[in-house]
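Undergrad: Note that the protein sequences, when read in sequence, are chains A and B.
Using the numbering used here, the letters of the first sequence map in sequence onto residues 12 to 543.
Using the numbering used here, the letters of the second sequence map in sequence onto residues 2 to 312.
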Amino acid sequence: MLKKLALASAISALALSISGGAEAQTPRVGGTIRFTAPYGSSFANLDIHTSNRAQDEIYAKAIHRSLYNWDSEGNKPVLDLAKSVDISADGLVYTYKLRDDAFFHHGRKLNADDIIWTFTRLMDGAKAYPGARSVRLIKGAVEVEKGQAKTISGLKKIDDSTLAITFTEKAEPGYFFMNAITSIYPADEAVKESFLTKPIGLGPFKFVEYVPGSRIVAERFDKFYKPGKPYADKVVVLIMGEASARDVAFRNKEIDVSILGPAQYMAYKADPELSKGILEVAEVYTRLGGFNLNFKPFTDKRVRQAINHAIDSDLIIKRLSKDKAYRATGYLPLTSPAYDKSMKAFAYDPEKAKKLLAEAGYPDGFEFEWTATANESWGIQIVEAVIPMLEKVGIKAKIKPVEGTVLGEVVRKGDFQAFAWSLSSGPDPQQALKCFHSSTPVSACNYYGFKNAEVDKLLDEAGKADDPAKKIDSLKKVNAIVYDEAPMWFFNYNKAVMAYQPWIKGLQANATELAIQNYEDMWVEASSPAAK
Amino acid sequence: MLSYLVRRILQTVPIILAVAFLVFVMFSVIPGTFAASLSDDGRAIVDVTVVERMNKEFGLNDPLYVRFGKYVGQLAQFDLGMSFRTRQPVTKVLADRMWPTLQLSFAAMLFAIAIGVPLGFIAAMRSGSFVDTISMVVAVSGLSLPKFWLGLLLMYLFALVLGWLPSFGYGDGSLRYLILPSIALGVAPMALLARTTRAAVLDIMNADFVRTARAKGMSESRVVRWHLTRNALVLILTTVGLQFGTVIGQAVVVEKLFSWPGIGSLLVDSVTLRDIPVVQGAILAIVLFFLFVNTLVDVLCAVIDPRIKYT
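1. Could you tell me which of A:V413, A:P344, A:P412, A:V314 sits nearest to A364 of chain A, measuring between CA atoms?
2. Taking the straight line between their C-alpha atoms, what separation do you get for E156 of chain A and L90 of chain A?
3. Roughly how many angstroms separate the alpha carbons of S450 of chain A and Y494 of chain A, rounded to a whole number?
4. Could you check whether G165 of chain A and T177 of chain A sit closer than 8 Å to each other, using their CB atoms as the reference points?
5. Closer than 7 Å, Cβ to any Cβ of chain A: which residues of the region 23-35 of chain B, in chain order?
6. In chain B, which residues lie with their C-beta within 8 Å of the C-beta of D58 of chain A?
7. Under 8 Å between the Cβ atoms of Y337 of chain A and L331 of chain A?
8. Which residue spans inside the region 52-137 of chain A form an unbroken beta strand (DSSP E) run of at least 3?
9. Among all the DSSP beta bridges, which residues are the ones paired with N503 of chain A?
10. Kindly say whether V253 of chain B, judged by its beta-carbon, lies nearer than 8 Å to any beta-carbon of chain A.
11. Give, in chain order, every residue of the region 55-70 of chain B whose Cβ lies closer than 8 Å to some Cβ of chain A.
12. Please state the DSSP three-state secondary structure of W391 of chain B.
13. Let me know the beta strand (DSSP E) ranges lying completely inside the region 177-244 of chain A, each 3 residues or longer, listed in chain order.
14. Just to check my reading of the structure: L267 of chain B and A252 of chain B have Cβ atoms closer than 8 Å, yes? What is that Cβ distance to the nearest angstrom?
15. So, with DSSP's three-state summary, where would you put D170 of chain A?
16. Can you have a look at M55 of chain B and say buried or exposed, based on whether 16 or more other CB atoms are within 10 angstroms of its CB?
17. Closer than 7 Å by beta-carbon distance: list the chain A residues that pair up with G170 of chain B, in chain order.
18. Quick one: give me the first and last residue of the alpha helix (DSSP H) that W150 of chain B is part of.
19. Give the C-beta separation of M509 of chain A and L486 of chain A to the nearest angstrom, bearing in mind that I take them to be a contact with Cβ-Cβ under 8 Å.
20. Identify whether R546 of chain A lies in helix, strand or coil by the three-state DSSP scheme.
21. Which chain B residues are close to G252 of chain A, counting only those with a beta carbon under 7 Å from its beta carbon?
22. Who pairs with T382 of chain A in a beta bridge, going by DSSP?
23. Can you pull the chain A neighbours of R275 of chain B, defined as C-beta to C-beta under 8 Å?
24. Taking all protein chains shown into account, decide if A33 of chain A is buried (16 or more other Cβ within 10 angstroms of its Cβ) or exposed.
25. Contact criterion: CB-CB distance below 8 Å. Does E34 of chain A meet it with respect to chain B?
26. Are any of the Cβ atoms in chain A nearer than 8 Å to that of V51 of chain B?
27. Starting from the beta carbon of P167 of chain B, find every residue of chain A whose beta carbon is closer than 7 Å, and list them in chain order.
28. Between S454 of chain A and chain B, is any beta-carbon pair separated by less than 8 Å?
29. If we cut at 8 Å on Cβ distances, does S449 of chain A have a partner in chain B?
30. Along the region 146-168 of chain B, where does the CB come closer than 7 Å to a CB of chain A? Name the residues.
31. Between the region 18-36 of chain B and the region 378-396 of chain A, do three or more beta carbon pairs fall short of 8 Å?
32. Does W227 of chain B come out as helix, strand or coil in the three-state DSSP assignment?
33. Residues of chain B with CB under 9 Å from T43 of chain A, in chain order?
34. Which chain A residues sit within Cβ distance under 8 Å of R98 of chain B?
35. What distance in whole Å lies between the Cβ atoms of E183 of chain A and P32 of chain B, which are believed to be in contact at a cut-off of 8 Å?
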């Protein structure tokens, strides 16, 4: 009898623990998400069309929505404001059936006019909206930009909830229309002056308050189109640019998440409690040392390969990046759909580097100038570690320090011998690799002045391919050629790390930018200090 | 008095013009533009057309003398231009951030005066004693502590260890959010005030008129109140005025650390992103505040010490 009782109580205890576990995973409604915006000490403004910075997109995800959204789990863009899309046989006309349950925060339903108005606004030739780069993919957008037309011919309203978009080339539009810079605005409200201080969007949270330099507060929008979401009552996005202050605030339970740098990553990993709440993802950023292929020694592929062999990248990742990075084995990052797992990193082999240099006619090495910023993950600190390694094979590198703002300008002008940067290498592999097409100017993103006929051919083929597998195959080949041609020192892919409190659930491993989250999928457990 | 004030205000005009010119020239010659800053996080490729259009929209393609002419013309109409980043008038951008900076600066100075002046007085009155030594050690330490480090220390102690105060942010602007940043900012002026007060009081204590007052049988409290305090106040007040201006400038570090939404953090962001109209506006605002406080101090000194004339 006693044995039976003990067994029964053990079973009920197990059942309780299982149900407790299940309860823990059941989203809880209510509470406040206390998110942090870690990239600076303010937002640009409340017109998200004017800024392409990650810092601004962090708050925008609460308030606004675009035609597409990034699906972190599927690692691809997915339709968001449309229920379905029909693609024409030539792959250029997309007919979207818009959601009939998407409402703006002022209560009006989304219609095709809102999208047309938004995209036309972005092409205003007198302004400089960063989203114009995406909308330019639509037929007739450039004419509006140049002032030759008032409407974009490639946008056709079929009825209130149906919109046909004609594109100029075959490309996955999801990559172009998923970011906040193409957020859909309500045509009737966005023209008003008040919109710039009280933005209205289609997002899961309604704008409540903005304290410039401090925070943005948004509250749950009950008519959000995803049933039952958002779970939280409120989102507060706190501006916290200073990593050490963020660390104290996180440990003090004043914030729910924090983006970690290399030093903090080590400390958090070593802490038995903090290490339980760490989210890591290989972001679509490639850290590299770009070579100017018009600069004499770098014109020779063997010299570029020699540099890749001369640098012990693994050692730098371990010692300086504190393992907060993944070794680069090509330009495309680990999370890219065209990433080739079979590719191997350049081996650290100074002897081979010397041999390659001798073959290239530089047995005694050469000198060059390396333009770098103070960034701890890919800037001067890293270059300083590389210099002695290069000296071992006879190459002398001299650092040319510049500010972050200046780096972009210098590189776009091709005014460098080598540069150190972290560049977005995704999520769209086609767009990322297009930077290596010979028709792409240095001022766009072919900073190296890369030219390769085979790469051009494969990229053109990929652009025309209807079969996704064939396209990926072509892109993998491009990636392999670029790697072999070595227009850069392939350093690493960023391992983005977010620390989160035990009560915060539903975070997504967003490879495009970990700090950008769909807040509607997150919830706050009762143990949070902001649970009420 | 009125003519003195008018003269002081007129004297500020060339100063403001000189500052405006210097800031304008400095930010016109250093490399980097707002458009270029949009791609500095490597996240997005900024379209060349967009860059060109932005430069045109913001008038950055115009020759330097044209831009300076426009700037001075706007300034004469009290127009600081439009922020490149927020696309709002600079005056509005500054107005949004002015109150938190003033709150922080006043709180820091209040802390500095409340602690520094009595500390200096006590040290002077008990010159050479243990109290004097300790207070001067505190003063020297306060001057040497880097604000960033001190701020982190305060956060760690009062927020993380003791749990008394929030570690960061503006919150609802209430006192509990103000305490830590104002102490971090106020420690250096507190230390300076303590040293200045001590030196001023010691100097006056040895003056002939104090000795005469005592010889005439005046009570010690009356000597302190009428002779020491009033005479020392002129120097203390001048130091307070100078420190007020310095505190506003030094708020940059503290505001960044504590995520305090003031002019200082705005200035850092604007310099980084080359939002030049805001940089110019913010620096002018700081200079104007400095000039205002110092004019006020001059007037107050003259009220306290009748020997000072409005000349």
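Note that beta-carbon positions come from the ideal geometry of N, C-alpha and C, so glycine has one too.
TA: Quick answer:
1. A:V314
2. 26 Å
3. 19 Å
4. yes
5. P32, G33, T34
6. R88
7. no
8. 79-82, 87-90, 93-98, 104-109
9. A:R298, A:R338
10. no
11. M55, E58
12. Look at the range of chain B in this structure, 2 to 312, and you will see that residue 391 of chain B is not part of it.
13. 216-222, 226-231
14. Not quite, the Cβ-Cβ distance comes to about 11 Å (not below 8 Å), so this is no contact.
15. strand
16. buried
17. S225, L249
18. 148-155
19. With a Cβ gap of about 29 Å, M509 of chain A and L486 of chain A do not count as contacting.
20. Given a span of 12 to 543 for chain A in the structure shown, any question on residue 546 of chain A remains unanswerable.
21. K257
22. A:K411, A:F430
23. T416
24. Residue confidence is low: A33 of chain A scores 39 on pLDDT, short of 50, so the model does not pin down where it sits. Its coordinate-derived value is still stated next. Exposed, by the Cβ-count rule.
25. Reliability fails at E34 of chain A, whose pLDDT of 42 lies under 50, so the model's placement of it is uncertain and the value that follows must be treated cautiously. By this cut-off, E34 of chain A is not an interface position.
26. yes
27. E265
28. yes
29. no
30. L153, M156, Y157, A160, L161, P167, S168
31. no
32. helix
33. Neighbours of T43 of chain A on chain B: none; closest Cβ ~14 Å, over 9 Å.
34. P223, G224
35. Actually they do not touch by this definition, with Cβ atoms about 37 Å apart.
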